[in-house]
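Numbering (the numbering used here), first residue to last: 449 to 803.
We put the CB at the ideal spot given by N, CA and C, even for glycine.
The block underneath contains the structure these notes are about, expressed in structure tokens.
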Ligand code: FES
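Have a look at this one:
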């Protein structure tokens, strides 16, 4: 503790309160002081200052336009519109427009603020001495004075164009968040009641296509205990709306020995033990992909809902609230599996209010 040492024994370098005296005695860490302040062009040329002001305002105005563009994108672009953008490839037009406009809006506010600070706000450097954390009244008054001086020098009150455009851009940006609330609605209503199997009729059945081989499926090729995924004939991976359609149309095809099928209605909907269930979990819509052939249980990997496919896909475990809907299937004259109508119940999550 330095206060235990007699003052006359203190080395000069330890006397922090006399920094300048120490420097005079050859301290290698002497304060070199600040370099002389060099005024910027905008400090001495009012026209340059005006030009910088216009540049900053332009950035804030671009930010405002970008925010308006963000909101307009919601109205202009349908949610399923896909466009090609180099080098990203095929992407959602809505997502691209939202990302671009919001990015420009935020960037322009940041760039405008930086340009303002670098060209128009005071750049005079001042050393700040270390001091006790608690400031006395004199220091506080000094800080308030400095703040007022800084505010005056920033031109926030005097440069009305800058101030107003900054306020405008800052006021508009939060609107981007408000329009995102639109994604909470509208409710899907009847759109979830039907899938594209709806287009099948007894007179014009639709073939089941194996999703691995892309070939029609023959009932005789499906062995007991197997699990295959199927899609409707005519739906190609390259289709623009493939993801939206397959999210409703995907099927799990299993074959269970007819005597092992407990649910008579389910046996009726199938063909000689071949059963077609929706692959979309009725909890929150994950694709089901795990099948235990001994027990005929299908397991959803997301939250472990388990369905007994030999008993009408009844839920035997987990949070799903409904059995998996089953599609009625038969075969055409060549023995290919076909559907003659839609699911009897809506597929997918059951948390929507269904009509
Ligand atoms: S989505 Fe299948 S259990 Fe949750």
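Which parts of the region 688 to 745 are runs of the beta strand (DSSP E), unbroken and 3 residues or longer, counting only runs that do not cross its ends? 699 to 703, 722 to 726, 738 to 740
What is the rounded straight-line gap between the Cα of residue 464 and the Cα of residue 480? Along the chain shown, read from residue 1 onward, the residue named residue 464 stands at position 16. Along the chain shown, read from residue 1 onward, the residue named residue 480 stands at position 32. Confidence at residue 464 is low in this model, with a pLDDT of 42, below 50, so its placement is unreliable and no value can be given for it.
Go through its chain and collect everything with a Cβ distance to residue 790's Cβ below 8 angstroms, but skip five positions before and after it. Residue numbering aside, residue 790 sits at position 342 when the chain shown is read from its first letter. Around residue 790: 642, 643, 645, 646, 648, 775.
3 or more residues per run - each beta strand (DSSP E) lying fully within the region 576 to 646: none
If you run the structure through DSSP and keep just helix, strand and coil, what is residue 747? Taking the first residue of the chain shown as position 1, residue 747 is located at position 299. The answer is strand: DSSP assigns residue 747 an E or B state.
Using the C-alpha atoms, what's the distance from residue 738 back to residue 761? One-based indexing of the chain shown puts residue 761 at position 313. One-based indexing of the chain shown puts residue 738 at position 290. Cα-Cα distance, rounded: 14 angstroms.
On a Cα-Cα basis, can you pick out the residue from 507, 731, 550 that is closest to residue 625? In the chain shown, residue 625 corresponds to position 177, counting from 1. The residue with the shortest Cα to Cα distance from residue 625 is 550.
Spatial neighbours of residue 545 within its chain, please: C-beta separation below 7 angstroms, excluding the five flanking residues on both sides. Walking along the chain shown from the start, residue 545 turns up at place 97. Cβ within range, chain order: 521, 525.
Going by the C-beta, is residue 732 closer than 6 angstroms to any heavy atom of the ligand FES? Taking the first residue of the chain shown as position 1, residue 732 is located at position 284. Under cutoff, so the answer is yes.
Between residue 766 and the ligand MG, is there a pair consisting of the residue's CB and a ligand heavy atom that are separated by less than 6 angstroms? What this structure holds is the ligand FES, not the ligand MG.
Count the CB pairs spanning the region 588 to 599 and the region 487 to 506 that are closer than 8 angstroms, and state whether there are at least three. no
What is the DSSP secondary structure of residue 513, reduced to helix, strand or coil? Looking up residue 513 in the chain shown gives position 65. Three-state result, residue 513: helix.
Compute the minimum distance between the beta carbon of residue 753 and the heavy atoms of the ligand FES, and state whether it is under 6 angstroms. In the chain shown, the residue the question calls residue 753 occupies position 305. Yes, the beta carbon of residue 753 sits closer than 6 angstroms to at least one heavy atom of the ligand FES.
From residue 418 to residue 678, what does the alpha carbon distance come to, in whole angstroms? Lying outside 449 to 803, the shown extent of the chain, residue 418 is not represented and no answer is given.
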